[in-house]
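2 protein chains.
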Amino acid sequence: MNSQSPAPDLSRLWSPKCVAVVGASTNPAKLGHIVLKNLREGGLKGSLYAINPKGRRILDVPTYSEIAGVPEPVDVAVLTVPAEVVPEVAGQCGQAGVKVLIVIAAGFQELGGAGLEREAELSDIAQQYGMRVLGPNCLGLIDTHTGVNASFVSAMPPKGSVAVLSQSGAMGTAILDWASSTGLGFSKFISLGNKADLTENDFLPALENDAKTSVVLAYLEDISDGEAFVVAASKLTRVKPMILLKPGRTEAGATAAHSHTGALTGSSDAADAAFRRAGIMVARSVQELFDFTSAFARTPLPKGDNIAIVTNAGGPGVVTADDVSEAEGLEVAELSDKTESMLRKVLPAAAQVGNPVDVVGDAGANRYQVALSAVLADRAVDASVVILTPQAMTEVETTADVIAKAASASGKPVLPCFIGGNTVMPGRARLAEHGLPSFDSPSRAVVALSAMAQYAHYLSAPVRKRNGAATPKAILVKLIAEARDTEHTELGGMAAAEAVAAYGIKAPPTIAVADVDDAAAAAQKIGYPVALKIDSPDISHKTDIGGVMLDLPNDEAVKKAFAEIMKAAKKHTKDADIHGVTVSPMQPTGGLDLIVGAKRDPNFGPVLVVGYGGIFVEAVRDVAYELAPVTKDDVTELLTRTGIGETLAGTRGMKFDQSAAVKAIMAVSQLMLDCPDVVELDLNPLRVFDKGAFSLDTRIELC
Amino acid sequence: MNSQSPAPDLSRLWSPKCVAVVGASTNPAKLGHIVLKNLREGGLKGSLYAINPKGRRILDVPTYSEIAGVPEPVDVAVLTVPAEVVPEVAGQCGQAGVKVLIVIAAGFQELGGAGLEREAELSDIAQQYGMRVLGPNCLGLIDTHTGVNASFVSAMPPKGSVAVLSQSGAMGTAILDWASSTGLGFSKFISLGNKADLTENDFLPALENDAKTSVVLAYLEDISDGEAFVVAASKLTRVKPMILLKPGRTEAGATAAHSHTGALTGSSDAADAAFRRAGIMVARSVQELFDFTSAFARTPLPKGDNIAIVTNAGGPGVVTADDVSEAEGLEVAELSDKTESMLRKVLPAAAQVGNPVDVVGDAGANRYQVALSAVLADRAVDASVVILTPQAMTEVETTADVIAKAASASGKPVLPCFIGGNTVMPGRARLAEHGLPSFDSPSRAVVALSAMAQYAHYLSAPVRKRNGAATPKAILVKLIAEARDTEHTELGGMAAAEAVAAYGIKAPPTIAVADVDDAAAAAQKIGYPVALKIDSPDISHKTDIGGVMLDLPNDEAVKKAFAEIMKAAKKHTKDADIHGVTVSPMQPTGGLDLIVGAKRDPNFGPVLVVGYGGIFVEAVRDVAYELAPVTKDDVTELLTRTGIGETLAGTRGMKFDQSAAVKAIMAVSQLMLDCPDVVELDLNPLRVFDKGAFSLDTRIELC
């Protein structure tokens, strides 16, 4: 339904002229009372009506016995009636011309069975009347700036710049409660519920364009229409950060895998590749969700990767330097000589003036101020983590004040960590008053800074123009048709090699033969030593069944190998369609073996996998993922995200044709885009020499 | 000094008959006043004296102008005088027969220069009089159970079972402050300071035998005498858990590396291997240090690895299941049919009765009680993480009560996570009152549970008897002597292969030759195809300089290769001592290449490294570390800690001689133990076939 519907006019949700609560109640414990009260007290600019069968005035709000009675057009109807009557009431709202429904009740899809049917019925009714639906099974919706509180959340949260998009009501309340204790304010709060109609994809453009929102916090349990999500989120993250927690990382991989790529690539890898592509900062825990939000909302982005640490205790400073060194995108800053000699002058002899800067245990607020200001003034420093441990001379609150002052003066992000308990609590509270984030362990600050640095890097890179699908190469279409004609769902070795050759991916000269004498003749033609491999569209893992014989030096060996392969193939795979064997030259050693694979994710489209190749690929698991389409820069970066890919640039005097590898990876991406029939593709290995790269084994699986 | 000293009688520290504060002061802001006050008010059983030049009575404590004046033998003297006079005062204490000094002042080794000298002087004086010294530059020492507070920590911490061993005073105060806010109590608190004399190794036996201590929390910036530490900590962890935070993970690797093993193995890898060997739970951040301590101190150990999750919000339950799946040593428990059908009966229709058990958003305390009790009663469940988000019907404090009750009744560890802010705070406080740990994010609870499960696993495994050093094999001694005679610090390829052969590690039949005709003759003898490799003790990475030619099919190719290798070797390494080349057979393909290496760590002794081998070993970096000596079980486990090692047990129809690989690794361990002259050893690759394993390239570096 989502992708068909026109972009909804959500301005009616944020600034409705008229809102009705259907199921309003005089009982203060009932949802229908709480929602009405929240709307009435939130500061709603438009008119408000209550709908209650008995028609008695509730909370001094004009009340009617049915929605049809409301004397003006209703923009938004909040349904607080039980699930059982929701379809009927939705029908009445549709007839009355309501534009948007917010359905609070649970008892739909999440129940299965009758609940599923009920949700389908609700969707049908909404579509019939052209109404949009938020929910069901949701908390509702809040806009602190327009004064709309169409939710049963206890009270209007404080105004601020964080927008929350939560698929779970429970996480929604936890987020609001957490923020209440840190003083963080909100712009919009959207509880998506079951997403019967409106999804995250409908709200992302509104949040992108909302001047009151500077950070988007999203908690999503599934992604509706992955490809549309990537498009919408990519647009949003160009103008503001989006932080996402999505459960279900480890669910995947339960289904049997046919290829190496299949075994390596779970649906969460596809999702992660999509989030990376869209510039979304992924939180891996509730803690990271909160920490990232706090850091992004309360500090500027770093302009570079170099982090200075200021501490009154040496050990935690070193722990933090460890964390910074290990964090993606961060470096321990090297302070300038000028800064160091300035610090040397103002700090006591026992102080450490290199980074981490140790102002020593007896530091009062003044020493923090001097040191932090000097460090932040250094051009080599892009951000700072400030550590405080409570000691005899420590001025907890005043230190919080001077940190806030220095941070504000510098315009650089400063993340304070006050380690301890009761003694440091007032300092943390003071930091929050100053609008600074605070952390109880430096590791948390570093992880948040790493996310900020990665986002800053994403923003500073030029936007890449990626080519979409083209007409698939004719030979590929023909080979797929042939496979379909013979009821195969896979292209055999020769056919697969031919198919990728049309996209410029080279293979060693290979001759397919059906009998033993032809095998020897082919070997002579190619030149000894040769390799023999089983040629059958029914056999994927040739080595596993004894279908590969390498390094055959002469005719005799080839003939013996042919017989053995045939025997092994027939033994292991009854009823297999065996074409014969392929004969190919032994490749010179010294190349570097990559796996280059692709898998079509049902939600996000083709996902590429690249990394260490060969038969131990699953054991070694040195791979990285990327969505198609890709640019050359995408692929170059993708390679550096694997250990083996980094060595492509050359290692210990060996040279590799990185450009050939990049071209092959781009070709795989293009093939997947062009040809939706292909669900999985494996080049394993793609052997990269100092000149050229060859796929030694190619597999293509069809849908 | 430490290793020479006899085991100190620390009972004098915990239960002194007589304590003197040297430098006691009438000024309440001075250390000499605070320490005296703490001792006086802490509940000290023995007598207490103040030493002050003016001899005026301070705090109603008998005061003398010098230590010699104290009318009874002084067990412990706490020196609160400035660093400059410490040596002089220490001398007076020595003459007066003081047994142990606690030196508070900073201004020693940590300052460098004069400070270093001063610390050496202090050590000399202590040794001269047979006095033991705690510090200098420390907070002092506390025993809450004997009433000794010989520190300047503000007040006596609450009694409890956690012992703290901290090298940093600042971390010490932060730990005490943190604990004060969680209600955690302490047994002993030891601030080690500069460790001029007494180190962690002196205190570990005391903590091991202290009935009042159930958990040891250690913060150590360096390890004094690593081998002694492993022995002492191993004994301690057999009876109680030890949690350690040690900064400096990433310092290492700055020195140039000669071998693959050298490049792969930093000093923090050695330390990590030592901590693993000793059964220590390593915290990677201040947060983990606190979380582990809280979990270990407040919940029983799990009897197995299966974790049940109970939650009132589906999403966080799934996030937690992700965390459990990814955590070392933990599994998501599969509830029994009985438990599930019982839950089905008592929970509402929308509830999820599989694990994670979702009691749904409107759950009150009662529903938590029913669900948690049922889950904990299931034999398939060893521990539980309970998640609460604050919703309309949530009973935060009562839920804390029922969790505590269910946990206590079950005897299983239960780790509660109340997600949110102000609303859930009273629940967290209530949990602390019940003596339960609590967490603000499930991920923290899971990491703590993982540490507990790993420790339980460590305890349940039989204690392994490991063989120490033996007499080195004669041929190894001879080869080393020959290398020394020719001023080499490395054994060349042939010599290294011969050396490890004495320990049972096989190499392909290899012939060393010095000229081109001998090379061809050797190749014929071995049988074509062959490999030629440069033979020189001065060339480590043969491939890098073009010193390896593979797959040579005939005499002509061998002769050509010989010439090329000689040319390359001379070009790349001037003045190299080139013996010629080695001729060896090409190995059949199909084996699995491991690296088996060892490096002698100056603190912890020989460290083994095992994992993915070959020329891309540093890129792929699929390796694990272990201390020598090792048992067969140690090595089998070591292998499973790498991706490639796991496949040794067989993969996709391929078989490997795991036992041959294990024997080779044990042999390397034994060689390193036997022969202290060897500082680094590389078998790379050790190629493991279906029968047998061969080192294709062996390197031995001498000290």
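In order, the protein sequence lines correspond to chains X and Y.
All letters in the first sequence, in the order written, are residues 1 to 703 by the working numbering.
All letters in the second sequence, in the order written, are residues 1001 to 1703 by the working numbering.
Just so you know, even glycine gets a beta-carbon here, dropped at the ideal spot from N, CA and C.
Self-check item: Limits of the alpha helix (DSSP H) - the one that Y368 of chain X falls within
Solution: Segment 365-377, the alpha helix (DSSP H) holding Y368 of chain X.
Self-check item: Proximity winner among X:G329, X:R379, X:N554, X:V359, relative to Y455 of chain X (alpha-carbon distances)
Solution: Nearest C-alpha to Y455 of chain X: X:G329.
Practice problem: Measuring alpha carbon to alpha carbon, tell me which of X:A163, X:V215, X:L31, X:L79 ends up nearest I190 of chain X. | Solution: Closest option to I190 of chain X, judged by alpha-carbon separation, among X:A163, X:V215, X:L31, X:L79: X:A163.
Self-check item: DSSP three-state assignment for Q670 of chain X, whether helix, strand or coil
Solution: It is helical.
Exercise. Measure the Cβ-Cβ separation of V1103 of chain Y and V1076 of chain Y and say whether it is below 7 Å.
Key: Not closer than 7 Å, so no.
Quiz prompt | Rounded separation between I1175 of chain Y and I1067 of chain Y - CA only | solution = Rounded to the nearest angstrom, the two C-alpha atoms are 34 Å apart.
Exercise. Under 8 Å by Cβ, that's how I've got I309 of chain X and G315 of chain X pegged, so tell me the actual separation to the nearest angstrom.
Key: Their Cβ separation, rounded to whole angstroms, is 12 Å, which puts I309 of chain X and G315 of chain X out of contact at 8 Å.
Practice problem: Taking only beta carbons into account, state which residues of the stretch 1614-1628 of chain Y come closer than 7 Å to chain X, listed in chain order. | Solution: Residues F1616, A1619, V1620, R1621, D1622.
Quiz item: When you compare only the Cα positions, how much space is there between G1055 of chain Y and D358 of chain X?
Solution: Using only the alpha carbons, I get a separation of about 38 Å.
Practice problem: Tell me A512 of chain X's beta-bridge partners as DSSP assigns them. | Solution: In DSSP, A512 of chain X forms a bridge with X:T582.
Quiz prompt | Classification of S1536 of chain Y by the beta-carbon crowding that lies within 10 angstroms, buried from 16 upward | solution = Within a 10 Å sphere around the beta-carbon of S1536 of chain Y sit 16 or more other beta-carbons, which makes this residue buried.
Quiz item: Any chance the stretch 1468-1481 of chain Y sits against the stretch 1667-1687 of chain Y, with 3 or more Cβ pairs inside 8 Å?
Solution: Judged by Cβ distances under 8 Å, the stretch 1468-1481 of chain Y makes contact with the stretch 1667-1687 of chain Y, as three or more pairs qualify.
Quiz item: Should R709 of chain X be flagged as near chain Y, meaning a C-beta pair shorter than 7 Å?
Solution: Nothing about residue 709 of chain X can be reported from this structure: the residues present for chain X run from 1 to 703 only.
Quiz item: If you drop the 5 nearest sequence neighbours on each side, which residues of the same chain put their C-beta closer than 7 Å to that of R344 of chain X?
Solution: The answer, listed in chain order, is V353.
Exercise. Helix, strand or coil for M1494 of chain Y, going by three-state DSSP, please let me know.
Key: Of the three classes helix, strand and coil, the one that applies to M1494 of chain Y here is helix, per DSSP.
Self-check item: C-beta neighbour in chain X for D1177 of chain Y, strict 7 Å
Solution: Yes, contact with chain X.
Quiz item: Using a Cβ-Cβ distance under 7 Å, would S1181 of chain Y count as near chain X?
Solution: By this cut-off, S1181 of chain Y is an interface position.
Quiz item: Is Q1524 of chain Y close to chain A, meaning its C-beta is less than 7 Å from at least one C-beta of that chain?
Solution: Protein chains X and Y are contained in the structure displayed, whereas chain A is not.
Quiz prompt | Residues bridged to L141 of chain X (per DSSP) | solution = Bridge partners of L141 of chain X: X:A150, X:I190.
Quiz prompt | Beta carbon proximity, G322 of chain X to chain Y, threshold 7 Å | solution = Rather than Gly, the amino acid found at residue 322 of chain X in this sequence is Asp. For D322 of chain X, a Cβ of chain Y is located within less than 7 Å of the residue's own Cβ.
Exercise. At 4 residues or longer, and completely inside the stretch 1528-1576 of chain Y: list those alpha helix (DSSP H) runs for me, N to C.
Key: Counting only runs of 4 or more, we get 1555-1572.
Self-check item: Listed by chain order, chain X residues near E1564 of chain Y by CB distance under 7 Å
Solution: Chain X residues near E1564 of chain Y: none, gap ~14 Å exceeds 7 Å.
Quiz item: What residue from Y:D1009, Y:N1052, Y:L1044 has the CA that sits closest to G1023 of chain Y's CA?
Solution: That would be Y:N1052, whose Cα lies nearest to the Cα of G1023 of chain Y.
Quiz prompt | Beta carbon proximity, L686 of chain X to chain Y, threshold 7 Å | solution = With 7 Å as the cut-off, L686 of chain X does not count as an interface residue toward chain Y.
Practice problem: Please list, in chain order, all residues of the same chain as D60 of chain X whose beta carbon is under 6 Å from its beta carbon, the five residues on each side excluded. | Solution: Around D60 of chain X: no qualifying Cβ.
Practice problem: Leaving out five residues on either side along the sequence, give the residues of the same chain with a beta carbon under 7 Å from the beta carbon of E731 of chain X. | Solution: A question about residue 731 of chain X goes unanswered here, because the residues of chain X that appear run from 1 up to 703.
Exercise. Determine the DSSP secondary structure at A1163 of chain Y, reduced to helix, strand or coil.
Key: A1163 of chain Y: strand per DSSP, three-state reduction.
Practice problem: Quick one: give me the first and last residue of the alpha helix (DSSP H) that M242 of chain X is part of. | Solution: In the DSSP assignment, M242 of chain X falls outside any alpha helix (DSSP H) and within the unbroken beta strand (DSSP E) covering 242-245.
Exercise. Specify, as a first and last residue, the run of the beta strand (DSSP E) that S384 of chain X falls within.
Key: Boundaries of the beta strand (DSSP E) around S384 of chain X: 383-388.
Quiz item: Of all the alpha helix (DSSP H) runs that stay within the bounds of the stretch 90-145 of chain X, which reach a length of 4 or more residues?
Solution: Fully enclosed alpha helix (DSSP H) runs of 4 or longer: 114-129.
Quiz item: Is there a Cβ from chain X that is less than 7 Å from the Cβ of M1171 of chain Y?
Solution: Yes, its Cβ sits closer than 7 Å to a Cβ of chain X.
Quiz item: How many angstroms separate the CA atom of Y1368 of chain Y from the CA atom of E1433 of chain Y?
Solution: Pairing Y1368 of chain Y with E1433 of chain Y, the inter-Cα distance amounts to about 19 Å.
Exercise. Output the boundary residues of the beta strand (DSSP E) element that contains E328 of chain X.
Key: Where E328 of chain X is concerned, there is no enclosing beta strand (DSSP E), because DSSP gives it neither an H nor an E.
Quiz item: Taking contact to mean at least 3 C-beta pairs separated by less than 8 Å, is the stretch 588-601 of chain X in contact with the stretch 528-542 of chain X?
Solution: Judged by Cβ distances under 8 Å, the stretch 588-601 of chain X makes no contact with the stretch 528-542 of chain X, as fewer than three pairs qualify.
Self-check item: N-terminal and C-terminal residue of the beta strand (DSSP E) that A1298 of chain Y is part of
Solution: According to the sequence as given, residue 1298 of chain Y is Arg; it is not Ala. No beta strand (DSSP E) holds R1298 of chain Y; the alpha helix (DSSP H) holding it covers 1286-1298.
Quiz item: Is there contact between the stretch 1448-1463 of chain Y and the stretch 1279-1286 of chain Y, where contact requires at least three CB pairs shorter than 8 Å?
Solution: The answer is yes - the stretch 1279-1286 of chain Y touches the stretch 1448-1463 of chain Y, with three or more Cβ pairs under 8 Å.
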